[in-house]
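In the UniProt record's numbering, the protein residues as written are 1 to 137. Let me begin by presenting the structure, written as structure tokens, before commenting on it.
In structure tokens:
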């Protein structure tokens, strides 16, 4: 896993765990803020997507993420939406009594997915720092 992938995985883990503290990176804080906006704007569609995956298994999650990115048009919004979707899947898993390892696996999965699918796009924008630059109020 490269540096961008490690960051993608750490962001996923922090985002799914829902913990912010003074040491939380500016990228995670930005992901939270933008994620909240996306969740509010697209709540119904995101909830329908989560309902579609039912057990939040990796194959169905991957197919759903692939559909989100199938047009090849990337943006921080669509990348953040992937994290919001995975967070909603993690919430569903918690409600179903899944253990902490399942949540960690989802965090790793979204990190790997974003690394595989979005690294080139993120690198073209000078890395993860760009999400902060583009979404600073």
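Idealized CB from N, CA, C, for every residue including glycine. What you are looking at is a predicted structure, and each value in this text was computed from that prediction instead of being measured.
Comparing C-alpha positions only, which one of the options sits nearest to residue i?
i           : options         : result
residue 34  : 7, 64, 46, 80   : 80
residue 86  : 96, 54, 18, 61  : 61
residue 36  : 128, 107, 88    : 88
residue 77  : 55, 123, 58, 32 : 32
residue 17  : 63, 42, 99, 130 : 99
residue 107 : 57, 41, 43, 42  : 57
Below 7 Å CB to CB, which residues in the same chain sit around residue i once its five sequence neighbours on both sides are set aside?
i           : result
residue 25  : none
residue 132 : 26, 27, 30
residue 117 : 69
residue 39  : 46, 84
residue 8   : 111, 114, 115
residue 74  : 118, 121
Less than 6 Å between C-beta atoms, sequence neighbours within five positions excluded: which residues of the same chain meet that for residue i?
i           : result
residue 119 : 4
Which same chain residues, not among the five before or five after residue i, have their C-beta less than 8 Å away from its C-beta?
i           : result
residue 135 : 30, 33, 34, 76
residue 54  : 60
Indicate whether the contact test is met: 3 or more Cβ pairs, each with one atom in the region 112–125 and one in the region 75–93, closer than 8 Å. Yes, the region 112–125 touches the region 75–93.
With a cut-off of 8 Å, do at least 3 Cβ pairs link the region 94–107 to the region 1–17? By the C-beta criterion, the region 94–107 is judged to be in contact with the region 1–17, since at least 3 inter-stretch pairs fall below 8 Å.
Just to confirm the assignment: which complete alpha helix (DSSP H) runs, minimum length 4, are found wholly within the region 85–137? Listed in chain order, the alpha helix (DSSP H) elements of length 4 or more contained wholly in the region 85–137 are 100–124, 129–134.
Any chance the region 83–98 sits against the region 44–56, with 3 or more Cβ pairs inside 8 Å? Remark: three or more beta-carbon pairs, one from each stretch, lie closer than 8 Å, so the region 83–98 and the region 44–56 are flagged as touching.
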